[in-house]
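One structure is given here, and the rest of the page talks about it.
Residue numbers (the working numbering): 549 to 1008.
Dropping the structure here:
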């Protein structure tokens, strides 16, 4: 019979006599227990390695998941602002969305907008929009002040060199974050390396784009060129105190998409404003018509009454215009009016207003201008027209020289009866003040013509 001892030796891979088996076991690499322990250790090391890899993968997964959630939230915010830009009913609302809502939505410390505006189109539209927004805000503040006299929610724009604006920019101070450029030269210098976003630490040359904001207080900036049909029409400029917010290596996909949409919306808004302006423009001279003047004059009167700043109105009449029509024909008279309108526009500032008032009369508004400044501007216009030969077709083929007369009046804050010069204790309404302003300018013009024409007369 085979003993249990021999069976045990065979199971362990040995055989023979005790002495022989013992020698083979002793010469082996280890006992079965040692082999099992080694295998267990090896498996444990593999398990630890797998757990370490799993932990790394879990960390990576958590990081990617966090980034995905951040991107999803960012995408939702971008989608929200994009919808708002597309739905903006006017150029003013569009600019407000970029300067106010975008900054608040993304918690930016500074947002400014530069627009190339050589013809002052945006300047005229946005200055009117800002006046309307300011009036609405002040009306709300006055209503709130009546309810709580200790509360004053009005906001003013910080001056140049102040601390960076936070995302509390309001509907009344956004105009200070707007830079209107007469040409695109500044943007060509800043984007000298190409029309692509510039991210990183703010540079001194960029200070011009952050109007009213201290660039030194910003940790990082992102400048986004607004391109439309191959041309740069402006720049959307973002700033943060966080130096890592806009670093040079960051992806700009979302920002470029926003800039492209903003450029399209801005161009479309300007086109819409031009179409709207067609109904407010005199077809012959290209300046505004009387309808536009009356609307704008009322707004300027309200603004002057709020701020206490002076407002001047000028009425201009072409001397002996009937003779031009009688002697040279109506086409010659039309040509004279067109050239007079062009000369007047060339003598005015961007926020001044000129309109054809009727026939050979033009009316002008000069905000923030005292009476003596209005007289000086009127005389400059008079001299410029007198010195300019009118290019019209005449029988003798000679250029035509004309003169003009002007009446100048300043807005009066005291209430007056429209039918008399008597003073009243109450303050004039905006409508009455506007009518009195134009009437005073008309009376001054009449005095200039009675005094011999080709002169400027100020209202007394």
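In this text, a Cβ means the ideal position worked out from N, Cα and C, and glycines have one as well.
Item: Could you name the residues that DSSP lists as bridge partners for residue 938?; Value: 948
Item: Could you please give me the residues that DSSP links to residue 873 through a beta bridge?; Value: Answer by DSSP bridge pairing: none, since residue 873 is not bridged.
Item: Closest to residue 933 by C-alpha separation, out of 793, 948, 920 and 919, would be which residue?; Value: 948
Item: CA-CA distance, residue 661 and residue 782?; Value: 7 Å
Item: Quick check on residue 730: does DSSP put it in helix, strand or coil?; Value: coil
Item: So the candidates are 952, 850, 664 and 624; which of them puts its Cα closest to the Cα of residue 926?; Value: 952
Item: Check whether the Cβ atoms of residue 908 and residue 865 sit closer than 8 Å, and answer yes or no.; Value: yes
Item: Where DSSP assigns a beta bridge to residue 909, which residues make up the other side?; Value: 865 and 906
Item: I need the straight-line Cα distance from residue 994 to residue 807, nearest angstrom please.; Value: 54 Å
Item: Looking at the structure shown, is residue 750 part of a helix, part of a strand, or coil, going by DSSP?; Value: coil
Item: Return helix, strand or coil for residue 708, following the three-state DSSP convention.; Value: The predicted model places residue 708 with a pLDDT of 33, which falls under 50 and marks its position as unreliable; any figure quoted below should be read in that light. If DSSP states are grouped into helix, strand and coil, residue 708 belongs with coil.
Item: Between which two residues does the beta strand (DSSP E) holding residue 1004 run?; Value: 1004-1006
Item: Based on DSSP bridge pairs, tell me the residues matched to residue 958.; Value: 860
Item: Would you kindly check if the distance between the Cβ of residue 769 and the Cβ of residue 750 is under 8 Å?; Value: yes
Item: In whole angstroms, what separates the C-alpha of residue 727 from that of residue 989?; Value: 34 Å
Item: Please look up how many angstroms separate the CB atoms of residue 910 and residue 901, rounded, as I've assumed it's under 8 Å.; Value: 11 Å between Cβ atoms; not a contact.
Item: Does DSSP put residue 724 in a helix, a strand or coil?; Value: helix
Item: Quick check on residue 915: buried or exposed, where buried means 16 or more other Cβ atoms within 10 Å of its Cβ?; Value: buried
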